[in-house]
Amino acid sequence: MARPIPWLPPVTTATLAAIPRSINPSPKLRSGSDSYCKLVILQEASMKPPARTVAEMPQSGIREIANLAARTPDCVRLDLGEPHFPTPPHIVEAACQAARDGFTKYTPPVGLLSLRQAISEKLQRVNGLHVPADRIVAVSGATSGLFTACLSILEHGDEILLPDPAWPNWEMMVLSAGGTIRHYPADSSRNFLPEPGELDAYVGDRTRAIILNSPSNPTGAVMSPGLVREMVDFARRHDLWVIADECYDEFVFEEEHACAARFDGDGRVISLFSCSKTYAMTGWRVGYVACPEALIEVMAKLQQPVIGSICSVAQKAAEAAIRGPQDSIAVMRDYYRGNRDLAVDMFANTGIRTWSPGGAFYMMVDISSASMDTYDFAKRLVRSRQVSVAPGETFGPGGRGLVRLSLATSRDKLVTGLERLIEAIRADSQAA
């Protein structure tokens, strides 16, 4: 209990009303119920507001639902895109051995040379890309690489073309880097794939880059090699950078994964990859960027203020992952394909529309018959059915009426979660 502070003036209704709404204190603070709260209110009211760009930035709806699900007992989690598989033992042991050997100091901002050499070999072996180690930057998770890519090419007010729907953190990163977003359509009416011939109209005087994401988060859509080539050609015609988010490159079920950099003849493609999904290493935070020659110096420089250096033992773990046995990737890919097929079968004959993903581990489901926005649906689903999904609207206008499922879970949990989801959609549709 806070001790009374007698010298504070009383907090009246007028005093509370005068507090800027941007401060948005909790209901407890606004009640003025004790002296400590009064002091906090007065202190907050006299402070300068936070940066408007960040304060007004949309919060990821994925995290909003995840927080609600975490507080809900026995909730079946189909919201977060995180493998349920453990990190393979040889990767864990490599980190432990590095720690035992005292490998716990700072490393170069661009990452260990041995790791970047391993990445170079992987890019050649798996992706058909020739990228020397001196054009590779190891990053603290692909997310930091994506943000650094934005910082490296954007001036204040520049614009980036972003697919709609798209992972919400992309918009947050572009705004944080001083840029703006213009969505280009890749919605359900197009099977979540862009149409290059329609994109010229989306390019303006300040358009600086286009983001490609295949396999897609949130839709699981996979661009064919021909489509990827067309998108890179489009960028070349308009002299745009291409930021290629290829974090799910190893999880393509039927088609071939085509890296955008395969079609890059003039050094405009920034390719981003991650160990998080490929090796079930989400908490280790290691990714990597294959940089064009013109950007490598800038990207390397930005590592210093953004992350300083990556965790040393995590880099040793990533090196062991890339150089070591790769059989766990096929095991996970086959498992996700099986979960995809199971989900397709469970939705068959329900009257609920879905789109079978070609890769990653996500599926989009149409809940428009429920006649409520996807945020309300997702919150209600957690509270009434104990199952969580990501609201489609957090991915952009193209996500209206849809929810995203993560198929990266055990089969029994997937069955339970889908049964509850199907029941909820049917019940809400009848009520509407």
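For the sequence shown, this note's numbering gives the first residue as 10, with consecutive numbering after it.
For each residue, glycine too, the CB sits at the ideal point set by N, CA and C.
Because the structure is a prediction, the values reported are computed rather than measured.
Taken in chain order, the complete alpha helix (DSSP H) segments of 4 or more residues contained in the region 369-395 are 383-394. Contact annotation: M341 and I100 have beta-carbon atoms that are not nearer than 8 Å. By the Cβ rule, the region 177-187 counts as touching the region 59-69, because three or more pairs are nearer than 8 Å. One thing to note: A399 has its Cβ within 8 Å of the Cβ of A387. Membership of G296 in the beta strand (DSSP E) is indicated by the continuous run G296 to A299.
Annotation: the continuous beta strand (DSSP E) that includes H192 extends over T189 to P194. P400 is bridged by DSSP to V412.
Going by C-alpha positions, A440 is about 40 Å away from C256. In the DSSP assignment, A108 falls within the unbroken alpha helix (DSSP H) covering P98 to R109. The C-beta distance from C268 to N136 rounds to 5 Å, short enough to meet the 8 Å contact threshold. Secondary structure of S283 (DSSP, three-state): strand. Contact check between the region 425-435 and the region 390-398: three or more CB pairs, one atom from each, fall below 8 Å, which counts as touching. Counted as a single uninterrupted DSSP element, the beta strand (DSSP E) harbouring N222 occupies residues T216 to N222.
A107 is a Cβ neighbour of V322, given a cutoff of 8 Å.
Ranked by how close their Cα comes to the Cα of Y344, the residues A78, P92 and C84 have P92 in first place. Take P234, set aside five residues on each side of it, and the residues of its chain with a beta-carbon closer than 7 Å to its own are E265 and A267, in chain order.
Taken through DSSP and simplified to helix, strand or coil, T363 comes out as strand.
Straight through space, the alpha carbons of V391 and L77 are spaced by roughly 7 Å. Under DSSP, I252 takes part in a beta bridge, and its partners are I220 and I279.
In the DSSP annotation of this structure, the continuous segment of the beta strand (DSSP E) that includes L171 starts and ends at E168 to D173. Assigned with DSSP and collapsed to three states, I128 falls in helix. Around the beta carbon of Y115, fewer than 16 other beta carbons sit within 10 angstroms, so the residue counts as exposed.
Your pair Q313 and P118 checks out as a contact, with CB atoms roughly 5 Å apart and the cut at 8 Å. Pairing V237 with A352, the inter-Cα distance amounts to about 28 Å. In this chain, the beta strand (DSSP E) harbouring V148 covers I145 to V148. According to the DSSP assignment, R349 belongs to the alpha helix (DSSP H) that extends over D336 to F356.
Annotation for V140: no alpha helix (DSSP H) segment contains it, and DSSP assigns it neither H nor E. By the neighbour-count definition (other C-beta atoms within 10 Å, threshold 16), S153 is a buried residue. Here V85 carries a strand assignment [DSSP, helix/strand/coil]. With respect to the C-alpha of T62, the residue from S198, D214, G296 and S185 having the closest C-alpha is S185. Secondary structure of V261 (DSSP, three-state): strand. Distance from the CA of V278 to the CA of R435, rounded to the nearest whole angstrom, comes to 45 Å. Counting the other Cβ atoms within 10 Å of the Cβ of G111 gives fewer than 16, which makes it exposed. With contact defined as three or more Cβ pairs closer than 8 Å, the region 207-222 and the region 166-177 are in contact. Taking the C-beta atoms as reference points, G407 is found no nearer than 8 Å to A253. Taking the C-beta atoms as reference points, M308 is found no nearer than 8 Å to S419.
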